[in-house]
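In full-length UniProt numbering, the protein residues as written are 1 to 126. Note that CB positions come from ideal geometry on N, CA and C, so glycine has one too.
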Amino acid sequence: MVRFILNVLWFIFGSGFLLAVGYGLAALVCFLLIVTIPFGVAALRLAVYALWPFGRTVVSSPGAGVGSGLANILWVVLAGWWLALTHLIAGVAQCVTIIGIPFGIANFKLVPVAFWPLGREIVDLD
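Here it is as structure tokens:
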């Protein structure tokens, strides 16, 4: 029940909706460019995770190969570093208040997957 309440508050006040829309638009652009479809899939994964982060975690995918590693290097150069930095700065800013600490932690959870998204899965904690 606490996770549900935190997810609803995150959706409304913690920028969950805005993050999901932003990642969704980025996925749409990646799908339209055809060559960047794997990045679009990663952006959709980020959108769903950013929409409802409490009660979920990121784990490495055991079937990820060399291709996902090379694509991640390209992702880091083009988008990953500034996305991760944005989540880090937003997390620190949200942790300034006691009420914002759970939202800051949610942003900190988004940092590794925003930096290196391919070859990772988002799973429920249960």
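What is the C-beta distance between residue i and residue j, in whole angstroms, given that I count them as a contact (C-beta under 8 Å)?
i, j, result
"Y49", "V8", "Incorrect: roughly 16 Å between the Cβ atoms, too far for contact."
"G24", "A42", "Incorrect: roughly 12 Å between the Cβ atoms, too far for contact."
"R45", "I105", "Actually they do not touch by this definition, with Cβ atoms about 20 Å apart."
"L125", "T57", "6 Å"
Cα separation between residue i and residue j?
i, j, result
"G22", "G55", "22 Å"
"G63", "L118", "11 Å"
"L78", "I5", "35 Å"
"R120", "L70", "14 Å"
"residue 131", "W82", "The shown model of the chain, from 1 to 126, leaves out residue 131, and the question about it has no answer."
"V29", "G40", "8 Å"
"I37", "R3", "32 Å"
"F108", "G91", "6 Å"
"W52", "H87", "15 Å"
Please list, in chain order, all residues of the same chain as residue i whose beta carbon is under 8 Å from its beta carbon, the five residues on each side excluded.
i, result
"I101", "Q94, C95"
With a threshold of 6 Å on Cβ separation, who are the neighbours of residue i within its own chain once the five nearest residues in sequence on each side are excluded?
i, result
"F17", "F11"
"V76", "none"
Evaluate residue i with the Cβ neighbour count: other Cβ atoms within 10 Å of its Cβ, from every protein chain shown; 16 or more gives buried, anything less gives exposed.
i, result
"L19", "buried"
"S61", "exposed"
"G80", "buried"
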